[in-house]
Structure formats: C-alpha cells, structure tokens
Amino acid sequence: MTCPDCRQAELVENRENIRYTESGLHYVTLCNILVERCPACGNTLVNIPKMEQLHRLLANIVIKKSGRLEPFEITFLRKSLGWSKADFARNMHVRPSQVRHWESEYKPSPMGEANELLLRSLVAHNRRIDNYFDEMANLSLSPQPHAQRRVAISRNHKGWVADEAA
1 MTCPDCRQAE
11 LVENRENIRY
21 TESGLHYVTL
31 CNILVERCPA
41 CGNTLVNIPK
51 MEQLHRLLAN
61 IVIKKSGRLE
71 PFEITFLRKS
81 LGWSKADFAR
91 NMHVRPSQVR
101 HWESEYKPSP
111 MGEANELLLR
121 SLVAHNRRID
131 NYFDEMANLS
141 LSPQPHAQRR
151 VAISRNHKGW
161 VADEAA
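Under UniProt numbering, residues 1 to 166 are what the sequence shown spells out, in order.
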C-alpha cells in the first residue's frame, strides 16, 4: 500500500510490540501487532484489530487487580462504561466535583471502598453481589507496595489474551 500522507513510497510491514498508552493505561503493551511504516516520510500506521474485545479484556484486568484503583484506572473504567463525568457522578450518586477528584492526576482523592466496589461490579456486568463485606475482602483493597505493573497483550486464534507477568 502506498503511504496515504506522502504518496511517495510503499509502506513496509512489520510485527512489533507497542506500548498502548492511548488506552489511558500506561502499563499495557500489545504484542506482535502489524505496524506499517513509510520509509520516505516516517508515517506509521498501527493495525489494532478487535478494539472492543481488547478494551473489554483491559477493563477485566483493571477490575481484578489487587489494591486500590489509580485515578487513570478509574477514568479508563468510566470510559469503558461509555459514561461522561456527569453520567458517572449521577450513576455513582456523587457530585461531579467528586468524580474530578477521583480522576485527578495532580491532587487525587481516593475513591471510597464502597464506590470502588460498585464501579468494579458495574464494569463486570450482571455480577450479583450478595455480601458486600465478603466482596470487599476478596478484592484486597488494602494498600499494596508501588511495584511497577506490566501487562502484555497478545492476539491468538481465540482473540486477545493477557499476560500480566510481562
């Protein structure tokens, strides 16, 4: 295929591992992704198939993590639900200013455990919770050491799969 920007050269295809920071989750790497580069102008086209399935997998990874949600993870989960900040505030029964505090990069205010459990449950869809106290204990919301988190995402014949140990 000819470069859509410069129209001077054919794109060169390679399979690469790419950091998927566009998701809002800085720790995600997509593995073996088709990347096309123009040798003339440097234009890069990245082909990420089945985006909806990929984002669902990422949401499931985030809601199952131990420890508290980071502000950028709260934002990712809110967006995965298709909610604006106003929608999120209404559905969580809080003021819009509270959502801004939860998602703030500079001066975050931690989300309360009950709200965090509700958010994780909403994202999990149709998951009935009979005992909130047991559920909170199962989620290990206690503070965890700040280890760097890494998630590598690959695609196989079944679709997207995660390797959180990467």
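Using N, Cα and C, we set each Cβ at its ideal position, and we do this for glycine too.
Cβ separation of residue i and residue j, assumed to be a contact under 8 Å, to the nearest whole Å
i, j, result
"residue 91", "residue 83", "7 Å"
"residue 12", "residue 39", "6 Å"
"residue 63", "residue 123", "5 Å"
Alpha-carbon to alpha-carbon, residue j and residue i
i, j, result
"residue 68", "residue 89", "19 Å"
"residue 9", "residue 162", "35 Å"
"residue 70", "residue 47", "28 Å"
"residue 110", "residue 98", "10 Å"
"residue 151", "residue 25", "10 Å"
"residue 53", "residue 155", "11 Å"
"residue 158", "residue 95", "41 Å"
"residue 42", "residue 2", "13 Å"
Residue i - DSSP class collapsed to helix/strand/coil
i, result
"residue 99", "helix"
"residue 74", "helix"
"residue 105", "coil"
"residue 5", "coil"
Beta-carbon gap between residue i and residue j smaller than 8 Å
i, j, result
"residue 34", "residue 77", "no"
"residue 17", "residue 6", "no"
"residue 153", "residue 29", "yes"
Closest Cα partner of residue i within the set the options
i, options, result
"residue 44", "55, 105, 28 and 15", "15"
"residue 108", "124, 86, 80 and 75", "75"
"residue 57", "104, 80 and 93", "80"
"residue 174", "60, 51, 64 and 4", "Residue coverage of the chain in this structure runs from 1 to 166, which leaves residue 174 outside it and unanswerable."
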